[in-house]
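Position 81 of the sequence shown, counted from 1, bears residue number 106 in the working numbering, the numbering being contiguous throughout.
Worksheet for the structure shown next.
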Amino acid sequence: MRRSWLVLAGFVVVVLAIGYGLGIAFGAALIGLIVAAAIAFPLSLTGYRSGDKIVLRLNRAREVSPQEEPRFHNIVEGLAMTAGIPKPRVFVVDDAAPNAFATGRDPAHASIVVTRGLLKAMNRVELEAVLAHELSHVKSRDTLAMALAVTLVGLPATVLPFIGPLLQTTVSPRREFYADLGGVQLTRFPPGLISALEKLKARTTEVQAAARATEPLWIEAPLPAGGINRWFDTHPPLDERIKMLREL
Numbered sequence: 026m027r028r029s030w031l032v033l034a035g036f037v038v039v040v041l042a043i044g045y046g047l048g049i050a051f052g053a054a055l056i057g058l059i060v061a062a063a064i065a066f067p068l069s070l071t072g073y074r075s076g077d078k079i080v081l082r083l084n085r086a087r088e089v090s091p092q093e094e095p096r097f098h099n100i101v102e103g104l105a106m107t108a109g110i111p112k113p114r115v116f117v118v119d120d121a122a123p124n125a126f127a128t129g130r131d132p133a134h135a136s137i138v139v140t141r142g143l144l145k146a147m148n149r150v151e152l153e154a155v156l157a158h159e160l161s162h163v164k165s166r167d168t169l170a171m172a173l174a175v176t177l178v179g180l181p182a183t184v185l186p187f188i189g190p191l192l193q194t195t196v197s198p199r200r201e202f203y204a205d206l207g208g209v210q211l212t213r214f215p216p217g218l219i220s221a222l223e224k225l226k227a228r229t230t231e232v233q234a235a236a237r238a239t240e241p242l243w244i245e246a247p248l249p250a251g252g253i254n255r256w257f258d259t260h261p262p263l264d265e266r267i268k269m270l271r272e273l
């Protein structure tokens, strides 16, 4: 939760500083500050209350019923009970590349998203491991900070690349290590997540539905490295994550 407030505060401070600086440049510092405040505070509230909805829409995620995806729902329900949190809503992105993410401002408003490719590529043990990883993000309330980072920093960075490094400072790659460990604590079976990560490493397709701004949310970077994507390098190498799990 503390990191979420830091993201919000950082966003407000940066916008106010920009507004104040522009105001000084045009000889109206106070007006610049007022305009910046009128932009920063409503956007911050929107990011807090609706950041997850924005993320879901950007990635074209579709909520699915238990009748459509019984295995998906069954695993999420069981893991949520083990974690002691409400069952999140479940969504599918119709994309052939295997990947997943979680979003929501708290466990009571959480959503788990997987691609169609992940459902096809993973056996039950591997899928459970991936979903446990995402439930770990939810339980730790990491999803709020991530949604705020994406909506308040990631989206502007897609048109203002110099903001990109700010995304790297607000989204620590260590969060994936922590979620891996949290997921293993839920399943008590490290080989499941090791196998899932190895399959993600071996994938040959990118998530076409992924919005560049939401890249930090996914369990594995959904877009190719290089070019402008270097500004969004927010994931530790899969090899390092696999090595850590093998040492447990």
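Every residue gets a Cβ at the ideal spot worked out from N, C-alpha and C, and that includes glycine.
No experiment lies behind these values; they were computed from the predicted model shown.
Original post:
For V178, which option in V80, K164, H134 has the closest C-alpha, if you only look at C-alpha atoms?
Top reply: In the sequence shown, residue 178 corresponds to position 153, counting from 1. The shortest Cα separation from V178 among V80, K164, H134 belongs to V80.
Original post:
Where does the unbroken alpha helix (DSSP H) through T168 begin, and where does it stop?
Top reply: On the sequence shown, residue 168 is found 143 positions in, with the first residue counted as 1. Per DSSP, T168 belongs to the alpha helix (DSSP H) from 167–173.
**OP:** Could you tell me if M106 is buried or exposed, where buried requires 16 or more neighbouring beta carbons within 10 angstroms of its beta carbon?
**Re:** For the purposes of this step, residue 106 is identified with residue 81 of the sequence shown, where counting begins at 1. Classification of M106: exposed, given that the 10 Å Cβ count is below 16.
**OP:** Just mark G72 as buried or exposed, buried being the case when its beta carbon has 16 or more other beta carbons within 10 Å.
**Re:** Position 47 of the sequence shown, counted from the first residue, corresponds to residue 72. Per the 10 Å Cβ criterion, buried.
Subject >> Distance, R271 Cα to G46 Cα >> reply: Looking up residue 46 in the sequence shown gives position 21. Looking up residue 271 in the sequence shown gives position 246. Answer to the nearest angstrom: the Cα atoms are 51 Å apart.
**OP:** Can you grab the Cα-Cα spacing for the pair L160 / R87, in whole Å?
**Re:** Taking the first residue of the sequence shown as position 1, residue 160 is located at position 135. Taking the first residue of the sequence shown as position 1, residue 87 is located at position 62. In a straight line, the C-alpha of L160 is about 19 Å away from that of R87.
**OP:** Measure from the alpha carbon of E102 to the alpha carbon of each residue in R96, P95, K112, A108, then state which is nearest.
**Re:** Residue 102 sits at position 77 when you count from the first residue of the sequence shown. The option with the nearest alpha carbon to E102 is K112.
Original post:
CB G207 to CB K164, shorter than 8 Å?
Top reply: Counting from 1 along the sequence shown, the entry for residue 207 is found at position 182. Counting from 1 along the sequence shown, the entry for residue 164 is found at position 139. Contact flag set, yes.
Subject >> Among L58, N84, S69, G35, the one whose alpha carbon lies nearest that of V232 >> reply: The residue you call residue 232 lines up with position 207 of the sequence shown. Of the candidates L58, N84, S69, G35, the one whose C-alpha sits nearest the C-alpha of V232 is N84.
Subject >> Exposure label - G31; buried when at least 16 CB within 10 Å >> reply: Within the sequence shown, numbered from 1, the residue matching residue 31 stands at position 6. Correcting the residue type first, residue 31 is Leu in the shown sequence and not Gly. By the neighbour-count rule (16 or more Cβ atoms within 10 Å), L31 is not buried but exposed.
Subject >> 7 Å CB neighbourhood of A221 in its chain, flanking five on each side removed >> reply: Taking the first residue of the sequence shown as 1, we reach residue 221 at position 196. Excluding residues within five positions, the ones whose Cβ falls inside 7 Å are M147, E151, A154, V155.
Original post:
How would you write the range of the alpha helix (DSSP H) that T128 sits in, first residue to last?
Top reply: The count along the sequence shown starts at 1 and reaches residue 128 at position 103. Not the alpha helix (DSSP H): T128 falls in the beta strand (DSSP E), residues 125–128.
Original post:
How is N254 classed by DSSP in three states: helix, strand or coil?
Top reply: Counting from one through the sequence shown, the residue named residue 254 turns up at place 229. Since pLDDT at N254 reaches only 48, below the 50 mark, its modelled position is unreliable, and no value is offered.
Original post:
Opposite F116 in the DSSP bridges: which residues?
Top reply: As a working note, residue 116 is residue 91 in the sequence shown. Note: F116 is bridge-paired with E88, V138 in the DSSP secondary-structure output.
**OP:** Could you tell me whether the stretch 63–72 touches the stretch 36–43, where touching means 3 or more Cβ pairs closer than 8 Å?
**Re:** yes
Subject >> Own chain, CB closer than 7 Å to L242, minus 5 neighbours either side, in chain order >> reply: Indexing the sequence shown from 1 puts residue 242 at position 217. The answer, listed in chain order, is V80, F126, T128, M171, V175.
Original post:
Whose C-beta lies closer than 6 Å to the C-beta of Q92 among residues of the same chain, with five residues either side of it excluded?
Top reply: Locating residue 92 in the sequence shown gives position 67, where the first residue counts as 1. Within the same chain, Q92 has no close Cβ partners at all.
**OP:** If I'm right that R114 touches S136 with Cβ under 8 Å, what's the distance once you round it to whole angstroms?
**Re:** Sequence index remark: in the sequence shown, residue 114 carries index 89 (1-based). Sequence index remark: in the sequence shown, residue 136 carries index 111 (1-based). Indeed they touch by this definition, with Cβ atoms about 5 Å apart.
Subject >> Cβ distance (whole Å) where T230 is taken to contact A121 below 8 Å >> reply: Translated into positions along the sequence shown, residue 230 becomes position 205. Translated into positions along the sequence shown, residue 121 becomes position 96. Right, the Cβ-Cβ distance comes to about 6 Å (below 8 Å), so this counts as a contact.
**OP:** Tell me W243's beta-bridge partners as DSSP assigns them.
**Re:** As a position in the sequence shown, residue 243 is number 218, starting the count at 1. Paired residues: F126.
Original post:
Do the CB positions of E245 and L273 come within less than 8 Å of each other?
Top reply: The sequence position of residue 245 within the sequence shown is 220, counting from 1. The sequence position of residue 273 within the sequence shown is 248, counting from 1. It is not a contact, given that the beta carbons lie outside the stated cut-off.
Original post:
Nearest-angstrom Cα distance between N99 and K145?
Top reply: For the purposes of this step, residue 99 is taken as residue 74 along the sequence shown, with counting starting at 1. For the purposes of this step, residue 145 is taken as residue 120 along the sequence shown, with counting starting at 1. Roughly 16 Å between the two C-alpha positions.
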